[in-house]
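Take the sequence shown: its position 92, counting from 1, is numbered 1439 in my numbering, and each next residue is one higher.
A virtual CB, placed ideally from N, CA and C, is assigned to each residue, including glycine.
Model, not experiment: these values are computed from the prediction.
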Amino acid sequence: MSRQAIFEASLQYFLEPIGPLLEDDSVTEVMINGPEDIYVERRGRLERTDARFASEDALLSAIHNIAQWVGREIHTQRPVLDARLPDGSRVHAIIPPSARGGSYLTIRKFTREALTLDDLIGFGSLSPQAREFLELCVRLHKNILISGGTGTGKTVLLGAMTRAIPEEERIIVIEDTSELRLIQEHTLYLEAQHADAAGQGALGVRQLFINALRMRPDRIIVGEVRSGEALDLVQSMISGHAGSLSTIHANSARDALTRLETLALMSDVELPVYVARAQVASAIDLVVQIARFTEDGSRKITKITEARGLDENNQYLIADLFVSKLTGRTPEGWLSAELEPTGEKPRFAREVHEQGLDEGIQLTEAFWEQ
(Lines of atoms letter the chains of each structure in order from A and count residues from 1; the text may use other names and numbers.)
(Lines give C-alpha, C1' and ligand atoms only; values in the text may rest on other atoms or scores of the structure.)
Protein backbone atom coordinates (compact mmCIF):
# COMPACT_ATOMS: atom_id res chain seq x y z
CA MET A 1 0.00 0.00 0.00
CA SER A 2 1.39 3.39 -0.98
CA ARG A 3 1.96 6.21 1.51
CA GLN A 4 -0.84 8.17 -0.15
CA ALA A 5 -3.26 5.25 0.23
CA ILE A 6 -2.31 4.88 3.90
CA PHE A 7 -2.90 8.61 4.44
CA GLU A 8 -6.33 8.41 2.81
CA ALA A 9 -7.34 5.35 4.86
CA SER A 10 -6.09 6.98 8.05
CA LEU A 11 -7.97 10.19 7.34
CA GLN A 12 -11.12 8.27 6.54
CA TYR A 13 -10.93 6.68 9.99
CA PHE A 14 -10.21 9.85 11.98
CA LEU A 15 -12.67 12.02 10.01
CA GLU A 16 -15.43 9.39 9.98
CA PRO A 17 -17.91 11.63 11.89
CA ILE A 18 -17.87 14.15 9.03
CA GLY A 19 -17.32 11.64 6.22
CA PRO A 20 -20.82 12.08 4.73
CA LEU A 21 -20.35 15.86 4.70
CA LEU A 22 -17.04 15.55 2.86
CA GLU A 23 -18.72 13.28 0.30
CA ASP A 24 -21.72 15.59 -0.19
CA ASP A 25 -21.11 17.63 -3.35
CA SER A 26 -23.56 20.31 -2.21
CA VAL A 27 -21.33 21.10 0.78
CA THR A 28 -18.51 23.55 0.02
CA GLU A 29 -17.08 24.06 3.51
CA VAL A 30 -17.12 22.13 6.80
CA MET A 31 -16.62 24.19 9.97
CA ILE A 32 -15.92 22.32 13.21
CA ASN A 33 -16.18 24.60 16.23
CA GLY A 34 -15.67 21.78 18.70
CA PRO A 35 -16.56 18.08 18.81
CA GLU A 36 -20.32 18.73 19.07
CA ASP A 37 -20.65 21.99 17.13
CA ILE A 38 -20.31 21.40 13.38
CA TYR A 39 -21.57 23.63 10.57
CA VAL A 40 -21.44 23.42 6.79
CA GLU A 41 -21.79 25.90 3.98
CA ARG A 42 -24.30 24.72 1.39
CA ARG A 43 -25.34 26.90 -1.55
CA GLY A 44 -23.82 29.92 0.14
CA ARG A 45 -25.65 29.48 3.45
CA LEU A 46 -24.46 28.18 6.80
CA GLU A 47 -26.28 25.19 8.30
CA ARG A 48 -25.76 23.47 11.62
CA THR A 49 -25.45 19.70 11.36
CA ASP A 50 -26.05 16.72 13.64
CA ALA A 51 -22.52 15.41 13.08
CA ARG A 52 -20.47 14.87 16.22
CA PHE A 53 -16.99 13.75 17.22
CA ALA A 54 -16.90 11.38 20.19
CA SER A 55 -14.83 13.79 22.26
CA GLU A 56 -12.36 16.66 22.16
CA ASP A 57 -9.58 14.08 22.10
CA ALA A 58 -11.09 12.44 19.00
CA LEU A 59 -11.15 15.79 17.18
CA LEU A 60 -7.64 16.64 18.34
CA SER A 61 -6.42 13.23 17.16
CA ALA A 62 -7.85 13.91 13.71
CA ILE A 63 -5.99 17.22 13.56
CA HIS A 64 -2.72 15.61 14.67
CA ASN A 65 -3.21 12.88 12.06
CA ILE A 66 -3.50 15.46 9.29
CA ALA A 67 -0.42 17.30 10.56
CA GLN A 68 1.61 14.09 10.73
CA TRP A 69 0.90 13.08 7.16
CA VAL A 70 1.70 16.50 5.70
CA GLY A 71 4.96 16.68 7.66
CA ARG A 72 3.99 19.55 9.94
CA GLU A 73 3.53 20.01 13.65
CA ILE A 74 0.72 21.42 15.72
CA HIS A 75 1.02 21.72 19.49
CA THR A 76 0.61 24.29 22.26
CA GLN A 77 3.70 26.22 21.16
CA ARG A 78 2.62 26.09 17.50
CA PRO A 79 -1.17 25.93 17.67
CA VAL A 80 -2.02 26.67 14.02
CA LEU A 81 -1.99 24.30 11.04
CA ASP A 82 -2.51 24.98 7.34
CA ALA A 83 -2.55 21.86 5.21
CA ARG A 84 -4.15 20.12 2.26
CA LEU A 85 -5.96 16.79 2.15
CA PRO A 86 -5.17 14.20 -0.55
CA ASP A 87 -8.18 15.31 -2.62
CA GLY A 88 -6.94 18.92 -2.61
CA SER A 89 -9.30 20.22 0.10
CA ARG A 90 -7.79 23.00 2.20
CA VAL A 91 -7.52 22.53 5.95
CA HIS A 92 -7.04 25.09 8.69
CA ALA A 93 -6.85 24.12 12.36
CA ILE A 94 -6.35 26.03 15.62
CA ILE A 95 -5.99 24.29 18.96
CA PRO A 96 -5.81 25.52 22.58
CA PRO A 97 -4.55 27.75 24.04
CA SER A 98 -5.16 29.95 20.98
CA ALA A 99 -8.58 28.34 20.46
CA ARG A 100 -10.38 29.14 23.69
CA GLY A 101 -13.42 26.94 23.09
CA GLY A 102 -11.56 23.77 22.14
CA SER A 103 -10.05 22.65 18.84
CA TYR A 104 -11.32 24.31 15.66
CA LEU A 105 -11.05 22.68 12.25
CA THR A 106 -12.17 24.22 8.95
CA ILE A 107 -12.12 22.28 5.68
CA ARG A 108 -12.72 24.08 2.40
CA LYS A 109 -13.58 21.32 -0.01
CA PHE A 110 -11.80 21.00 -3.32
CA THR A 111 -14.29 21.19 -6.17
CA ARG A 112 -13.84 18.37 -8.65
CA GLU A 113 -14.98 20.45 -11.61
CA ALA A 114 -13.51 23.93 -11.97
CA LEU A 115 -16.21 26.45 -12.84
CA THR A 116 -16.16 28.48 -16.05
CA LEU A 117 -17.42 31.99 -16.75
CA ASP A 118 -20.39 30.36 -18.49
CA ASP A 119 -21.18 28.58 -15.22
CA LEU A 120 -21.10 31.92 -13.41
CA ILE A 121 -23.53 33.33 -15.97
CA GLY A 122 -25.81 30.38 -15.26
CA PHE A 123 -25.61 31.15 -11.53
CA GLY A 124 -26.55 34.77 -12.15
CA SER A 125 -23.14 36.01 -11.00
CA LEU A 126 -22.09 37.48 -14.33
CA SER A 127 -23.64 38.76 -17.57
CA PRO A 128 -22.67 37.54 -21.08
CA GLN A 129 -21.50 41.03 -22.02
CA ALA A 130 -19.30 41.32 -18.92
CA ARG A 131 -17.89 37.84 -19.58
CA GLU A 132 -16.79 38.85 -23.09
CA PHE A 133 -15.28 42.08 -21.76
CA LEU A 134 -13.27 40.25 -19.09
CA GLU A 135 -12.07 37.60 -21.57
CA LEU A 136 -10.84 40.30 -23.94
CA CYS A 137 -9.09 42.12 -21.08
CA VAL A 138 -7.28 38.91 -20.13
CA ARG A 139 -6.18 38.42 -23.75
CA LEU A 140 -5.02 42.07 -23.82
CA HIS A 141 -2.69 41.30 -20.89
CA LYS A 142 -4.41 43.69 -18.53
CA ASN A 143 -3.43 43.43 -14.88
CA ILE A 144 -6.57 42.41 -13.03
CA LEU A 145 -7.27 42.36 -9.31
CA ILE A 146 -10.27 40.39 -8.02
CA SER A 147 -11.52 41.95 -4.80
CA GLY A 148 -13.99 40.68 -2.23
CA GLY A 149 -14.53 39.43 1.29
CA THR A 150 -13.94 35.97 2.72
CA GLY A 151 -16.03 33.29 1.02
CA THR A 152 -17.20 35.46 -1.86
CA GLY A 153 -15.74 33.20 -4.54
CA LYS A 154 -12.65 35.16 -5.52
CA THR A 155 -10.56 32.07 -6.25
CA VAL A 156 -13.38 30.48 -8.26
CA LEU A 157 -13.68 33.62 -10.38
CA LEU A 158 -9.90 33.80 -10.79
CA GLY A 159 -9.80 30.22 -12.03
CA ALA A 160 -12.65 30.86 -14.46
CA MET A 161 -10.96 33.96 -15.89
CA THR A 162 -7.68 32.13 -16.49
CA ARG A 163 -9.42 30.06 -19.15
CA ALA A 164 -9.14 33.08 -21.45
CA ILE A 165 -5.33 32.89 -21.37
CA PRO A 166 -4.04 31.60 -24.74
CA GLU A 167 -2.84 28.00 -24.71
CA GLU A 168 0.61 28.89 -26.06
CA GLU A 169 1.57 31.01 -23.05
CA ARG A 170 3.80 29.82 -20.19
CA ILE A 171 1.92 30.36 -16.92
CA ILE A 172 3.23 30.23 -13.37
CA VAL A 173 0.72 29.94 -10.53
CA ILE A 174 1.85 30.94 -7.02
CA GLU A 175 -0.30 30.14 -3.98
CA ASP A 176 0.07 29.83 -0.25
CA THR A 177 -2.06 26.67 -0.45
CA SER A 178 -2.72 25.24 -3.91
CA GLU A 179 -6.31 25.54 -5.09
CA LEU A 180 -6.21 26.65 -8.71
CA ARG A 181 -6.28 24.20 -11.61
CA LEU A 182 -5.71 25.69 -15.04
CA ILE A 183 -6.68 24.02 -18.30
CA GLN A 184 -3.56 25.22 -20.12
CA GLU A 185 -0.94 22.50 -20.52
CA HIS A 186 2.09 24.77 -20.02
CA THR A 187 1.31 25.70 -16.41
CA LEU A 188 3.70 25.46 -13.47
CA TYR A 189 2.38 25.44 -9.90
CA LEU A 190 4.39 26.82 -6.96
CA GLU A 191 3.24 26.43 -3.36
CA ALA A 192 4.59 28.11 -0.24
CA GLN A 193 6.25 25.89 2.35
CA HIS A 194 6.19 26.30 6.12
CA ALA A 195 9.25 25.93 8.29
CA ASP A 196 10.00 22.56 9.86
CA ALA A 197 10.33 21.91 13.60
CA ALA A 198 13.84 23.39 13.53
CA GLY A 199 12.61 26.54 11.84
CA GLN A 200 14.21 25.59 8.53
CA GLY A 201 12.89 25.18 5.00
CA ALA A 202 10.31 27.98 4.92
CA LEU A 203 9.61 29.35 1.45
CA GLY A 204 7.04 32.12 1.27
CA VAL A 205 4.96 33.49 -1.57
CA ARG A 206 7.35 36.41 -1.97
CA GLN A 207 10.37 34.14 -2.43
CA LEU A 208 8.43 32.02 -4.89
CA PHE A 209 7.47 35.14 -6.81
CA ILE A 210 11.09 36.25 -7.11
CA ASN A 211 12.02 32.80 -8.42
CA ALA A 212 9.07 32.79 -10.82
CA LEU A 213 10.43 35.91 -12.51
CA ARG A 214 13.55 33.90 -13.44
CA MET A 215 11.50 31.15 -15.08
CA ARG A 216 10.54 33.08 -18.22
CA PRO A 217 6.81 33.42 -17.48
CA ASP A 218 4.29 34.90 -19.90
CA ARG A 219 1.83 35.14 -17.02
CA ILE A 220 2.11 35.06 -13.26
CA ILE A 221 -1.04 34.21 -11.32
CA VAL A 222 -0.90 34.88 -7.58
CA GLY A 223 -3.74 33.17 -5.71
CA GLU A 224 -3.98 35.91 -3.10
CA VAL A 225 -1.91 38.98 -2.24
CA ARG A 226 -1.66 39.24 1.52
CA SER A 227 1.80 40.54 2.46
CA GLY A 228 5.03 42.08 1.18
CA GLU A 229 4.91 40.11 -2.08
CA ALA A 230 2.51 42.85 -3.22
CA LEU A 231 5.51 45.08 -3.96
CA ASP A 232 7.15 42.44 -6.16
CA LEU A 233 3.88 41.82 -7.97
CA VAL A 234 3.28 45.52 -8.60
CA GLN A 235 6.84 46.14 -9.77
CA SER A 236 6.72 43.14 -12.11
CA MET A 237 3.48 44.45 -13.61
CA ILE A 238 5.10 47.75 -14.55
CA SER A 239 8.37 46.23 -15.76
CA GLY A 240 7.37 43.88 -18.55
CA HIS A 241 5.22 41.16 -16.93
CA ALA A 242 1.78 42.47 -17.79
CA GLY A 243 -1.26 40.23 -17.70
CA SER A 244 -1.03 39.20 -14.05
CA LEU A 245 -4.14 38.19 -12.15
CA SER A 246 -4.58 37.98 -8.39
CA THR A 247 -7.12 38.31 -5.58
CA ILE A 248 -7.23 40.55 -2.55
CA HIS A 249 -9.48 41.01 0.48
CA ALA A 250 -11.31 44.34 0.12
CA ASN A 251 -14.85 45.71 -0.04
CA SER A 252 -14.51 48.06 -3.01
CA ALA A 253 -12.19 48.88 -5.90
CA ARG A 254 -10.74 51.88 -4.09
CA ASP A 255 -10.22 49.82 -0.94
CA ALA A 256 -8.50 47.12 -3.02
CA LEU A 257 -6.00 49.61 -4.46
CA THR A 258 -5.37 51.13 -1.02
CA ARG A 259 -4.87 47.69 0.52
CA LEU A 260 -2.46 46.69 -2.25
CA GLU A 261 -0.52 49.86 -1.55
CA THR A 262 -0.45 49.08 2.18
CA LEU A 263 0.74 45.53 1.55
CA ALA A 264 3.50 46.82 -0.73
CA LEU A 265 4.69 48.99 2.14
CA MET A 266 4.93 45.87 4.32
CA SER A 267 7.90 44.59 2.31
CA ASP A 268 11.43 44.95 3.61
CA VAL A 269 12.11 47.68 1.05
CA GLU A 270 11.94 51.21 2.44
CA LEU A 271 9.48 52.92 0.13
CA PRO A 272 7.81 56.33 0.49
CA VAL A 273 4.02 56.14 0.52
CA TYR A 274 3.65 58.31 -2.59
CA VAL A 275 5.97 55.99 -4.54
CA ALA A 276 3.99 52.88 -3.52
CA ARG A 277 0.76 54.61 -4.50
CA ALA A 278 2.13 55.73 -7.85
CA GLN A 279 3.32 52.20 -8.63
CA VAL A 280 -0.03 50.63 -7.72
CA ALA A 281 -1.85 53.23 -9.81
CA SER A 282 0.42 52.50 -12.76
CA ALA A 283 0.23 48.71 -12.40
CA ILE A 284 -3.45 47.83 -11.96
CA ASP A 285 -5.81 48.11 -14.92
CA LEU A 286 -9.02 46.56 -13.60
CA VAL A 287 -10.58 45.67 -10.27
CA VAL A 288 -13.40 43.11 -10.34
CA GLN A 289 -15.49 43.32 -7.18
CA ILE A 290 -17.39 40.24 -6.03
CA ALA A 291 -19.73 39.88 -3.06
CA ARG A 292 -21.80 37.26 -1.27
CA PHE A 293 -25.35 38.28 -0.41
CA THR A 294 -26.28 36.99 3.04
CA GLU A 295 -30.01 37.03 2.25
CA ASP A 296 -29.78 34.06 -0.11
CA GLY A 297 -26.09 33.12 -0.09
CA SER A 298 -25.64 34.02 -3.77
CA ARG A 299 -22.34 35.35 -5.07
CA LYS A 300 -22.33 38.08 -7.69
CA ILE A 301 -19.88 40.37 -9.41
CA THR A 302 -21.06 43.81 -8.31
CA LYS A 303 -18.68 46.06 -10.24
CA ILE A 304 -15.95 46.01 -12.86
CA THR A 305 -13.85 49.12 -12.35
CA GLU A 306 -10.98 50.63 -14.31
CA ALA A 307 -8.05 52.12 -12.37
CA ARG A 308 -7.05 55.37 -14.07
CA GLY A 309 -3.97 56.51 -12.22
CA LEU A 310 -3.86 59.37 -9.71
CA ASP A 311 -5.55 62.77 -9.65
CA GLU A 312 -3.94 66.11 -8.79
CA ASN A 313 -4.38 65.34 -5.09
CA ASN A 314 -2.52 62.03 -5.42
CA GLN A 315 -5.74 60.04 -4.92
CA TYR A 316 -6.76 57.02 -6.99
CA LEU A 317 -8.83 57.76 -10.06
CA ILE A 318 -11.34 55.02 -10.82
CA ALA A 319 -14.25 54.58 -13.21
CA ASP A 320 -16.94 51.91 -13.03
CA LEU A 321 -17.39 50.15 -16.37
CA PHE A 322 -20.04 47.67 -15.19
CA VAL A 323 -22.34 47.95 -12.19
CA SER A 324 -24.75 45.31 -10.89
CA LYS A 325 -28.32 46.28 -10.10
CA LEU A 326 -30.70 44.00 -8.22
CA THR A 327 -33.85 43.35 -10.25
CA GLY A 328 -35.87 41.09 -7.94
CA ARG A 329 -35.99 37.37 -7.32
CA THR A 330 -36.08 34.23 -9.39
CA PRO A 331 -39.05 31.82 -9.06
CA GLU A 332 -36.78 29.73 -6.78
CA GLY A 333 -36.30 32.70 -4.44
CA TRP A 334 -32.74 33.67 -5.45
CA LEU A 335 -31.81 37.32 -5.79
CA SER A 336 -31.52 38.32 -9.44
CA ALA A 337 -29.32 41.11 -10.76
CA GLU A 338 -28.10 42.57 -14.03
CA LEU A 339 -24.43 43.48 -14.45
CA GLU A 340 -24.80 46.33 -16.92
CA PRO A 341 -22.39 48.76 -18.64
CA THR A 342 -22.27 52.29 -17.23
CA GLY A 343 -21.48 53.88 -20.59
CA GLU A 344 -17.84 54.52 -19.68
CA LYS A 345 -15.21 53.28 -22.12
CA PRO A 346 -11.89 51.94 -20.88
CA ARG A 347 -8.80 54.00 -21.61
CA PHE A 348 -7.42 51.06 -23.58
CA ALA A 349 -10.46 51.05 -25.89
CA ARG A 350 -8.32 51.02 -29.06
CA GLU A 351 -6.17 48.06 -28.09
CA VAL A 352 -8.56 45.27 -29.11
CA HIS A 353 -8.39 46.38 -32.73
CA GLU A 354 -4.69 47.31 -32.55
CA GLN A 355 -3.86 43.79 -31.33
CA GLY A 356 -6.07 42.00 -33.86
CA LEU A 357 -8.61 40.62 -31.40
CA ASP A 358 -11.62 41.79 -33.40
CA GLU A 359 -12.93 38.24 -33.77
CA GLY A 360 -13.61 38.17 -30.02
CA ILE A 361 -16.04 41.09 -30.21
CA GLN A 362 -19.68 40.06 -30.33
CA LEU A 363 -21.44 41.79 -27.44
CA THR A 364 -19.04 44.58 -26.43
CA GLU A 365 -18.62 46.63 -29.62
CA ALA A 366 -19.62 49.78 -27.74
CA PHE A 367 -16.52 49.50 -25.51
CA TRP A 368 -13.94 49.53 -28.26
CA GLU A 369 -12.72 52.21 -30.66
CA GLN A 370 -11.29 51.82 -34.13
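Query: To which residues does DSSP link MET1584 through a beta bridge?; Result: DSSP output for MET1584 lists no bridge partner at all.
Query: Could you spell out the range, first to last residue, of the beta strand (DSSP E) harbouring LYS1650?; Result: 1646-1657
Query: Should LEU1686 and SER1494 be called a contact, given that it needs their Cβ atoms to be closer than 8 Å?; Result: no
Query: Tell me the DSSP secondary structure of GLN1424 in three-state form.; Result: coil
Query: Report the residue ranges of all alpha helix (DSSP H) runs contained in full by the region 1560-1626; include only those spanning at least 4 residues, in chain order.; Result: 1576-1584, 1600-1612
Query: Below 8 Å, can you find three or more Cβ-Cβ pairs linking the region 1598-1607 to the region 1546-1564?; Result: no
Query: Measuring only the C-alpha atoms, how far is LEU1578 from LEU1610?; Result: 7 Å
Query: Between GLY1656 and LEU1504, what straight-line distance do the alpha-carbon atoms span, to the nearest angstrom?; Result: 25 Å
Query: Quick one: is GLN1717 buried, meaning 16 or more other Cβ sit within 10 Å of its Cβ, or exposed?; Result: exposed
Query: Does GLY1471 pass the burial test, meaning 16 or more other C-beta atoms within 10 Å, or should it be called exposed?; Result: buried
Query: Rounding to the nearest angstrom, what Cα-Cα distance links ARG1399 and PRO1364 in this structure?; Result: 6 Å
Query: Give me whichever residues DSSP pairs with TYR1386 in a beta bridge.; Result: MET1378, ARG1395
Query: My assumption, with CB atoms under 8 Å, is that VAL1374 sits in contact with LYS1501. Please give the rounded CB distance.; Result: 20 Å between Cβ atoms; not a contact.
Query: Would you kindly report the start and end of the unbroken beta strand (DSSP E) that includes ALA1684?; Result: 1682-1688
Query: Give every residue of the same chain whose Cβ lies closer than 6 Å to the Cβ of THR1652, excluding the five residues on either side of it in the sequence, and list them in chain order.; Result: ALA1600, VAL1634, ILE1665, ASP1667
Query: Looking at the structure shown, is SER1357 part of a helix, part of a strand, or coil, going by DSSP?; Result: helix
Query: Check the C-beta distance from ILE1385 over to LEU1407 and give it rounded, since I have them as a contact under 8 Å.; Result: The pair is not a contact, with the Cβ atoms about 15 Å apart (cut-off 8 Å).
Query: So, helix, strand or coil for GLY1495, using DSSP?; Result: strand
Query: The alpha helix (DSSP H) spanning LYS1489 covers which residue range?; Result: Taken as a continuous stretch (DSSP letters only), LYS1489 belongs to no alpha helix (DSSP H), as it is neither H nor E.
Query: Between GLU1355, GLY1448, GLU1383, GLU1479, which lies nearest to PHE1669 when the distance is taken from Cα to Cα?; Result: GLU1479
Query: Given 8 Å as the limit, is there contact between the region 1408-1416 and the region 1484-1493, that is, 3 or more CB pairs closer than that?; Result: no
Query: Tell me whether the beta-carbon of PHE1361 lies closer than 8 Å to the beta-carbon of ALA1409.; Result: yes
Query: So THR1524 is in the alpha helix (DSSP H); what residue range does that whole segment cover?; Result: First-last for THR1524: undefined, no H or E at that position.
Query: Taking all protein chains shown into account, decide if VAL1581 is buried (16 or more other Cβ within 10 angstroms of its Cβ) or exposed.; Result: buried
Query: Indicate the three-state DSSP secondary structure (helix, strand or coil) for GLN1540 in the structure shown.; Result: strand
Query: Using DSSP's beta-bridge definition, name the partner residues of ALA1666.; Result: GLU1653
Query: Check for me: the beta strand (DSSP E) holding THR1453 runs from which residue to which?; Result: 1451-1455
Query: Which residue marks the beginning of the beta strand (DSSP E) containing ALA1638, and which one marks its end?; Result: 1633-1639
Query: In chain order, what residues of the same chain have a beta carbon less than 6 Å from the beta carbon of THR1649, not counting five sequence neighbours either side?; Result: GLN1636, ALA1638, SER1671
Query: Is ILE1530 helix, strand or coil by DSSP?; Result: coil
Query: When you compare each of SER1402, LYS1647, ILE1521 to LEU1682 by their alpha carbons, which one comes out closest?; Result: LYS1647
Query: Spatial neighbours of THR1594 within its chain, please: CB distance less than 6 Å, with the 5 preceding and 5 following residues excluded, ordered by chain position.; Result: ILE1493, LYS1501, LEU1505, GLU1571
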